[in-house]
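I have placed the structure first, in the form of structure tokens, so that the comments after it can refer back to it.
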Amino acid sequence: MPDVSFSSLRRVRSFIAEVRSCTGKRSVQIAALLTGLMGFINVLSSVTPSLADRLELLRRFLPLVVRHGSHFATTIAGFALLLLARGLWRRKHIAWQLTFVTLVVSAFGHLLKGLDYEEATLAIALASWLLVLRRHFHARSDPPSVRQGLHALAAALLFTLVYGMVGFYLLDRHFSVSFSFGTALKQTVTMLIQFYDPGLQPITGFGQYFADSIYMVGATTLGYSLFMMLRPVLVRRPATHQERVRAKAIVKAWGRSSLAHFTLLDDKSYYFSAGGSMIAYVVKGRIALALGDPIGPEPDIAATITGFQAYCAQNDWQPAFYQTMPDYLDLYRAAGLHILCIGYEGIVDLRAFSLEGKAGKTLRSSVNRLSRLGYRAELYEPPLSDDLLRELRKISDEWLTMIKGVEKRFSVGWFEEGYIRNNPVITVCAPDGHICAFANILSAPQRSEITVDLMRRRREAEPGTMDFLFVSLFQWAQERGYMTFSLGLSALSGLGERADDPAIERALHYIYEHINLFYNFKGIHTFKEKFHPRWAPRYLIYPGPTSLPAVALALVRADSGDVSIWEYITRLLH
Numbered sequence: 013m014p015d016v017s018f019s020s021l022r023r024v025r026s027f028i029a030e031v032r033s034c035t036g037k038r039s040v041q042i043a044a045l046l047t048g049l050m051g052f053i054n055v056l057s058s059v060t061p062s063l064a065d066r067l068e069l070l071r072r073f074l075p076l077v078v079r080h081g082s083h084f085a086t087t088i089a090g091f092a093l094l095l096l097a098r099g100l101w102r103r104k105h106i107a108w109q110l111t112f113v114t115l116v117v118s119a120f121g122h123l124l125k126g127l128d129y130e131e132a133t134l135a136i137a138l139a140s141w142l143l144v145l146r147r148h149f150h151a152r153s154d155p156p157s158v159r160q161g162l163h164a165l166a167a168a169l170l171f172t173l174v175y176g177m178v179g180f181y182l183l184d185r186h187f188s189v190s191f192s193f194g195t196a197l198k199q200t201v202t203m204l205i206q207f208y209d210p211g212l213q214p215i216t217g218f219g220q221y222f223a224d225s226i227y228m229v230g231a232t233t234l235g236y237s238l239f240m241m242l243r244p245v246l247v248r249r250p251a252t253h254q255e256r257v258r259a260k261a262i263v264k265a266w267g268r269s270s271l272a273h274f275t276l277l278d279d280k281s282y283y284f285s286a287g288g289s290m291i292a293y294v295v296k297g298r299i300a301l302a303l304g305d306p307i308g309p310e311p312d313i314a315a316t317i318t319g320f321q322a323y324c325a326q327n328d329w330q331p332a333f334y335q336t337m338p339d340y341l342d343l344y345r346a347a348g349l350h351i352l353c354i355g356y357e358g359i360v361d362l363r364a365f366s367l368e369g370k371a372g373k374t375l376r377s378s379v380n381r382l383s384r385l386g387y388r389a390e391l392y393e394p395p396l397s398d399d400l401l402r403e404l405r406k407i408s409d410e411w412l413t414m415i416k417g418v419e420k421r422f423s424v425g426w427f428e429e430g431y432i433r434n435n436p437v438i439t440v441c442a443p444d445g446h447i448c449a450f451a452n453i454l455s456a457p458q459r460s461e462i463t464v465d466l467m468r469r470r471r472e473a474e475p476g477t478m479d480f481l482f483v484s485l486f487q488w489a490q491e492r493g494y495m496t497f498s499l500g501l502s503a504l505s506g507l508g509e510r511a512d513d514p515a516i517e518r519a520l521h522y523i524y525e526h527i528n529l530f531y532n533f534k535g536i537h538t539f540k541e542k543f544h545p546r547w548a549p550r551y552l553i554y555p556g557p558t559s560l561p562a563v564a565l566a567l568v569r570a571d572s573g574d575v576s577i578w579e580y581i582t583r584l585l586h
């Protein structure tokens with residue numbers, strides 16, 4: 013008997029599982045495309061009556077295509093089917109439920125209205141196929157939004173019934189029949205459940221307008237309800253105290269860079285793996301935007317990435333990772349994710365840093381000039397006093413006004429008293445003793461690296477003040493044995509400079525070279541370059557090219573703290 017190793021069996025099982033996954037994915041997409049096709053045909057038929065004859069073959073055999081209704085009713089049906097198709101493509105469980113029920117009801121409707129067994133058979137076949145694919149539709153919707161959509165649908169249904177019943181009763185002279193309250197109610201119900209052929213014959217233009225107004229109410233209600241029921245899960249609460257304690261312990265044990273500190277800020281939610289790793293993320297729209305790489309033991313990183321993908325799929329999110337290091341790129345590729353270099357992080361080797369020689373001439377000149385003028389650096393250990401915090405707050409507010417900016421978030425901190433109070437702060441004091449600039453200091457959990465977060469100064473600060481602050485901080489860090497200093501990400505620098513670089517990197521290079529209205533990319537890079545750092549690439553990990561606009565918008569929203577895009581641009585322009 014041949015010797016079959018356990019590893020070989022695992023590979024076979026993995027291959028079979030991958031084949032089943034691919035087959036299921038294609039089946040889900042075909043079901044969504046077919047539903048979308050039915051919706052598209054409905055809409056096309058309503059807006060281009062001249063194509064009706066050409067579409068008759070398709071219209072005859074697709075069970076959810078409206079063939080006898082008004083243009084308005086047909087448009088409503090098409091709109092609803094397009095929304096359901098989008099939900100099916102996203103593997104929404106509630107979209108599967110609604111489509112399945114619609115197909116079953118459609119089958120019975122076709123049989124009852126004229127024994128149209130062809131359409132009924134196809135509807136049952138499609139419903140049966142969806143039933144087989146049920147386990148592939150696992151994405152949840154937002155529970156409060158689903159309840160809100162159902163409540164809105166129920167309230168609108170009741171309103172429409174009353175509206176139609178009273179309207180038909182009072183306006184029966186505009187129709188070919190005389191309505192009692194009972195027949196008016198029956199006619200309204202008929203229009204709602206059998207809009208393809210409601211049996212209504214208006215004899216005046218106003219009668220037709222009133223009939224269409226019932227459909228208009230239904231369209232508005234249906235659209236709103238489907239939108240609410242198909243929403244991705246929303247994160248409505250911050251991470252719990254227990255989750256933050258757990259995340260802090262993981263960062264302390266496994267954090268590899270100064271960026272890890274920002275994963276503990278209050279805007280983050282957390283995904284924890286069974287192997288003891290953690291991903292810090294925010295959700296904006298359908299994008300679950302993670303900050304940096306997963307933090308945890310290296311053997312668990314691959315499982316953490318795929319686990320986070322599955323968690324996002326369950327909640328109807330798309331995962332993305334911002335400012336990742338090169339270490340795990342192969343793991344991201346293996347998970348089917350795409351990779352884009354977004355810039356380089358400047359890292360100063362403190363063991364080699366010096367103001368001596370030609371390389372240090374510019375910095376040496378600034379430092380010596382301010383020293384002669386009587387400027388000095390002072391470092392304050394936490395907790396900071398209330399008086400110092402008030403002065404730092406004034407400087408921060410003045411700086412934000414000067415740059416016409418708002419507090420950033422996500423990959424940086426913001427001026428929050430509890431945050432600032434509990435970190436070391438370095439200040440630059442003018443000859444008269446008042447503080448003219450400051451920065452708060454952060455250190456990496458696992459590496460001998462140090463960095464700063466908020467760097468702010470007064471409007472009238474002496475030129476070279478920030479050079480003086482950084483050099484003073486480098487010297488302080490050298491005395492305490494730190495090995496490196498992170499200057500942070502220099503976004504878009506070094507991208508798309510070669511003709512054979514990807515088109516998207518060349519587009520980002522154009523932004524870097526020509527667009528400085530919203531962000532001074534080149535000026536910030538030039539400032540960091542004077543400290544002669546080594547440049548380490550940083551990446552954006554994203555699901556695919558079609559998701560990039562949504563990922564970019566999520567980054568803007570996360571960075572601005574959900575300030576509206578219009579307000580964000582207005583502040584920059586004024």
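With the working numbering applied, the sequence shown closes on residue 586, and no number is skipped along the way. Backbone N, C-alpha and C fix where the C-beta goes; we use that ideal spot for every residue, glycine too.
What's the call for residue i, buried or exposed, on a 16-neighbour Cβ count within 10 Å?
i: residue 290; result: buried
i: residue 62; result: Low per-residue confidence applies at residue 62: pLDDT is 46, beneath 50, and the placement is therefore not dependable, though the value from the model is reported in the following sentence. Counting Cβ neighbours within 10 Å, residue 62 comes out exposed, since fewer than 16 surround it.
i: residue 139; result: buried
i: residue 438; result: buried
i: residue 493; result: exposed
i: residue 330; result: buried
i: residue 254; result: exposed
i: residue 249; result: exposed
i: residue 217; result: exposed
i: residue 222; result: buried
i: residue 102; result: buried
i: residue 95; result: buried
i: residue 397; result: exposed
i: residue 391; result: exposed
i: residue 47; result: buried
With distances taken from CA atoms, which of the options is nearest residue i?
i: residue 386; options: 395, 265, 480 and 293; result: 480
i: residue 203; options: 217, 147, 216 and 231; result: 231
i: residue 451; options: 445, 238, 247 and 484; result: 484
i: residue 380; options: 367, 486, 511 and 371; result: 367
i: residue 338; options: 110, 552, 566 and 95; result: 552
i: residue 244; options: 298, 272, 256 and 194; result: 298
i: residue 476; options: 542, 537, 489 and 413; result: 542
i: residue 144; options: 109, 45 and 162; result: 109
i: residue 287; options: 417, 310 and 40; result: 310
i: residue 219; options: 195, 201, 194 and 176; result: 176
i: residue 495; options: 359, 237, 554 and 159; result: 359
i: residue 116; options: 106, 135 and 100; result: 135
Near residue i, what residues of its chain come up, given a Cβ to Cβ distance below 6 Å and the 5 sequence neighbours on each side ignored?
i: residue 191; result: 180, 181 and 184
i: residue 92; result: 234
i: residue 403; result: 447
i: residue 352; result: 552
i: residue 302; result: 291, 293 and 333
Could you pull out every residue in the same chain whose Cβ sits closer than 7 Å to the Cβ of residue i, ignoring the five residues on either side in sequence?
i: residue 356; result: 502, 505, 506, 547, 548, 549 and 550
i: residue 34; result: Residue confidence for residue 34 is low, a pLDDT of 49 falling below 50, so the modelled location carries little weight; the figure read from the coordinates is stated next. Contacts found: none.
i: residue 465; result: 424, 425, 452 and 454
i: residue 410; result: 470 and 471
i: residue 104; result: 149, 151, 153, 242 and 328
i: residue 435; result: 394, 452, 453 and 454
i: residue 188; result: 213 and 215
i: residue 414; result: 471
What are the boundary residues of the beta strand (DSSP E) that includes residue i?
i: residue 469; result: 461-469
i: residue 296; result: 290-296
i: residue 350; result: 350-361
i: residue 166; result: Careful: residue 166 lies outside any beta strand (DSSP E), inside the alpha helix (DSSP H) at 155-182.
If I follow the unbroken alpha helix (DSSP H) through residue i, where does it start and stop?
i: residue 494; result: From DSSP, residue 494 is part of no alpha helix (DSSP H); its letter is neither H nor E.
i: residue 311; result: Where residue 311 is concerned, there is no enclosing alpha helix (DSSP H), given that its DSSP letter is neither H nor E.
i: residue 336; result: Counting along the chain, residue 336 falls outside any alpha helix (DSSP H), though it belongs to the beta strand (DSSP E) covering 330-336.
i: residue 189; result: Per DSSP, residue 189 belongs to no alpha helix (DSSP H) and is neither H nor E.
i: residue 557; result: Unbroken run through residue 557: none, as it is neither H nor E.
i: residue 454; result: Here residue 454 belongs to no alpha helix (DSSP H); instead the beta strand (DSSP E) covers 447-455.
i: residue 343; result: 341-346
i: residue 541; result: 533-541
Got a sec? Which residues, its chain only, sit under 8 Å from residue i by beta carbon, not counting five neighbours each side?
i: residue 246; result: 154, 156, 157 and 295
i: residue 442; result: 386, 387, 448 and 474
i: residue 336; result: 304, 305, 344, 550, 551, 552 and 553
Sequence ranges, alpha helix (DSSP H) only - wholly within the stretch 378-442, length at least 4: 398-415 and 429-433
Length at least 4, wholly inside the stretch 223-303: the alpha helix (DSSP H) runs in chain order: 253-266
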